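K.L.:
I am attaching a structure below and will ask some questions about it afterwards.
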């Protein structure tokens, strides 16, 4: 993300938090650093799955902002339940004065895979600086909640689970059950509950969809009233792996680098703060030895995004932090792809800056910075005179971060408003670029929706959650019913957050730039369910600049793109790296 502008969408909830924090106890020692405390350390939300909790500053110094981070929802065996998550109101607290208390409303949203039982999660309240040289302060609240037992079907005399032929670790499958009445006649339907052991080593959903997180012997039980059946089966390991081998590098004079795009023999790489508003052009016809052919400098502190149209004739670069305050975008003529020429600059109502863009035919989709600003769609059939044809804002309380267009659908990564999908010419909702129509939206666990990649053949959307305060998460959204998307799986790594993705659809390998965790290659073939990082699906990773850090040295991966059999990666600290995927 790395935005220059603040998020004005937080103003209202932060104001509520400041009002809630207005009640203070007796004065405390002003020399004591701030200290966060929850009113309780553990709380069961019961079957209502909602409560109000209090966080207090027990120290003598004002602290803030107080960040509130929700944990994943875990089942009895510790396995994460996809699609279930906490929501907090307010989502953040601006300031807690000494002795002040803030009230938080906690609610649980349940995913469709969840079964009856007791589940656990948590809230972490933290500040980066508690004052008096004490450094960070944090407090954790453990939460549990109950999901009521399902109502078993009456008249079920027996159950028979049909044993699957083969089961491989990480391959989701639907277990089939024959339900019969006491006379032995087949029932068309029956409400069934499930359990799996070893506990925590697999996930079984309410509809009987199962995935194993390890190889070995598994035991599954199906239940409906007094009727039950048990099967045991062996799960084989997932024997697919490979390597990612750096073979070439194009070092930029003015890092840090930002996004990149490739077309034909050329790679176009932007720059972030400190990059002097420059786009670099590289000849990559010999991928082992990229050669810089030119650069384009614009009035901007940041050239965050670059896109090239499919025909290779036109490119767009975005402006943030322009000295004239106009920002906007610049369109480039790629008639000579090694030496782009400026066609025009569009700035109309884009003073806040443009963070990301997408080129699709004669239309340019722009992500304008700032809360409530949203999407601008331009007609660029005359690139010298771009014209705004429509706008869309999915929320006044948060900001749009990215846009991805495919098959006439625009996938908007709308931060804490989630993933919003628009019909911009697909036809399913009657939309067009001139009149986009919302198809659906989904809030994935954790919010902070950063980017998305839609895979039409599989029906999945891979969604990045860019949260620098928690382990990075990639969310998998089942989009096979476009009007009712649902989250079904995740991929998690500790310490760093993900950034941009690229999917090799013929092989089903998802390449994910993961900042200090480098480039990750993950197998996303087949039916997806549960925690992909526990299923042996990661095929390879590489810290292409050595150590895993986003400091002045080391790996800090921004974006990948698969092109002509190689993965081209932009690294914030070093520029362009060419990687050979071996699978």
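Numbering (the numbering used here), first residue to last: 12 to 594. Idealized CB from N, CA, C, for every residue including glycine. All values reported here derive from a predicted model rather than from experimental measurement.
1. Kindly provide the ranges of any beta strand (DSSP E) runs that are 3 or more residues long and lie completely inside the stretch 489-532, ordered along the chain.
2. With C-beta atoms as the reference, is residue 105 less than 7 angstroms away from residue 47?
3. Is there contact between the stretch 507-525 and the stretch 187-202, where contact requires at least three CB pairs shorter than 8 angstroms?
4. Does the stretch 45-59 come into contact with the stretch 130-146, if we say contact requires no fewer than three beta-carbon pairs (one atom in each stretch) closer than 8 angstroms?
5. Any contact between the stretch 61-70 and the stretch 82-97? By contact I mean 3 or more CB pairs, one from each, below 8 angstroms.
6. Return the residue from the list 573, 181, 188 and 547 that minimises the CA-CA distance to residue 172.
7. With contact counted as at least three CB pairs below 8 angstroms, one residue from each stretch, are the stretch 556-565 and the stretch 235-244 in contact?
8. Below 7 angstroms CB to CB, which residues in the same chain sit around residue 459 once its five sequence neighbours on both sides are set aside?
9. Starting from residue 193, trace the beta strand (DSSP E) in both directions and tell me its first and last residue.
10. Using 8 angstroms as the cut-off, can you tell me whether the stretch 480-491 makes contact with the stretch 444-464, which would need three or more C-beta pairs spanning the two stretches below that distance?
11. Comparing alpha-carbon positions, which option in 214, 437 and 179 lies nearest residue 125?
12. DSSP beta-bridge partners for residue 308?
13. What number of angstroms, rounded off, separates the C-alpha of residue 393 from the C-alpha of residue 75?
14. If I'm right that residue 572 touches residue 271 with Cβ under 8 angstroms, what's the distance once you round it to whole angstroms?
15. Could you give the distance in angstroms between the alpha-carbon of residue 400 and the alpha-carbon of residue 435?
16. In three-state terms, what does DSSP make of residue 543?
17. For residue 412, I'd like the list of residues in its chain whose CB is within less than 6 angstroms of its CB, leaving aside the five on either flank, ordered along the chain.
18. When you compare each of 332, 123, 361 and 40 to residue 216 by their alpha carbons, which one comes out closest?
19. Taking all protein chains shown into account, decide if residue 185 is buried (16 or more other Cβ within 10 angstroms of its Cβ) or exposed.
20. Using DSSP with H/G/I as helix, E/B as strand and the rest coil, what is residue 594?
21. Identify whether residue 161 lies in helix, strand or coil by the three-state DSSP scheme.
22. Just to confirm the assignment, what range does the beta strand (DSSP E) spanning residue 299 have?
23. Under the rule that 16 or more other beta-carbon atoms within 10 Å means buried, what is residue 112, buried or exposed?
24. Less than 7 angstroms between the C-beta atoms of residue 349 and residue 402, yes or no?
25. If we count the other Cβ atoms within 10 Å of its Cβ and call it buried at 16 or more, is residue 495 buried or exposed?
26. Mind listing, in chain order, the continuous beta strand (DSSP E) runs of no fewer than 3 residues lying wholly within the stretch 104-149?
27. Give me the Cβ distance between residue 211 and residue 128, rounded to the nearest whole Å; I'm assuming they're in contact under 8 angstroms.
28. Do the CB positions of residue 220 and residue 540 come within less than 7 angstroms of each other?
29. Considering only the beta carbon of each residue, do residue 313 and residue 284 sit closer than 7 angstroms?
30. How is residue 204 classed by DSSP in three states: helix, strand or coil?
31. If you scan the stretch 408-440 from start to end, which runs of the beta strand (DSSP E) of 3 or more residues do you find wholly inside it?
32. Would residue 245 be called buried (16 or more neighbouring beta carbons within 10 Å of its own) or exposed?
33. Taking just the CA atoms, how far does residue 365 sit from residue 429?
34. Consult DSSP for residue 462 and reduce its assignment to one of helix, strand or coil.
35. Can you give the beta carbon distance from residue 589 to residue 577, rounded, assuming they're within the 8 angstroms contact cut?
36. Considering only residues of the same chain and omitting the five flanking positions on each side of residue 591, which have a CB-CB separation below 7 angstroms?
P.N.:
The structure says:
1. The DSSP assignment places complete beta strand (DSSP E) segments of no fewer than 3 residues inside the stretch 489-532 at 497-504, 512-515 and 520-524, in order along the chain.
2. With contacts defined by Cβ atoms closer than 7 angstroms, residue 105 and residue 47 do not form a contacting pair.
3. Result no; under three Cβ-Cβ pairs closer than 8 angstroms.
4. At 8 angstroms Cβ cutoff, the stretches touch.
5. No: the two stretches stay apart, fewer than three of their Cβ pairs being nearer than 8 angstroms.
6. The candidate whose alpha carbon is nearest that of residue 172 is 188.
7. No, they do not touch.
8. Here the set comprises 426, 427, 476, 477 and 478.
9. Neither: residue 193 is in no beta strand (DSSP E) and is coded neither H nor E.
10. A contact exists between the stretch 480-491 and the stretch 444-464.
11. Per the Cα distances, 214.
12. DSSP, once it has assigned bridges, lists 289 as partnering residue 308.
13. CA-to-CA, the gap between residue 393 and residue 75 works out to about 49 angstroms.
14. With a Cβ gap of about 6 angstroms, residue 572 and residue 271 count as contacting.
15. When rounded, the distance between both Cα atoms is 12 angstroms.
16. Helix, per DSSP.
17. Result list for residue 412: 424, 426 and 461, in chain order.
18. It is 123.
19. Exposed, since its Cβ has fewer than 16 Cβ neighbours within 10 Å.
20. Three-state DSSP puts residue 594 in coil, outside helix and strand.
21. Coil, per DSSP.
22. For residue 299, there is no enclosing beta strand (DSSP E), as DSSP gives it neither H nor E.
23. So residue 112 ends up on the buried side.
24. With respect to residue 402, residue 349 sits apart: the two C-beta atoms are not nearer than 7 angstroms.
25. Taking all protein chains shown into account, residue 495 has fewer than 16 neighbouring C-beta atoms within 10 Å of its C-beta and is therefore exposed.
26. Counting whole runs of 3 or more residues, the stretch 104-149 contains the beta strand (DSSP E) stretches 112-120 and 128-138.
27. The distance from the Cβ of residue 211 to that of residue 128 is about 13 angstroms, inconsistent with a contact at the 8 angstroms cut-off.
28. Yes.
29. A distance below 7 angstroms separates the beta carbons of residue 313 and residue 284.
30. Shown here, residue 204 sits in a strand according to DSSP, grouped into three states.
31. Qualifying beta strand (DSSP E) stretches, in chain order: 413-417, 420-424 and 430-434.
32. Flag for residue 245 reads exposed.
33. Approximately 19 angstroms between the Cα atoms of the pair.
34. Of the three classes helix, strand and coil, the one that applies to residue 462 here is strand, per DSSP.
35. Taking a contact as a CB-CB distance under 8 angstroms, the pair residue 589 and residue 577 counts as one, their CB atoms being some 5 angstroms apart.
36. The beta carbon of residue 591 sits closer than 7 angstroms to the beta carbons of 256, 258 and 577 from its chain, once the five residues preceding and following it are set aside; these are given in chain order.
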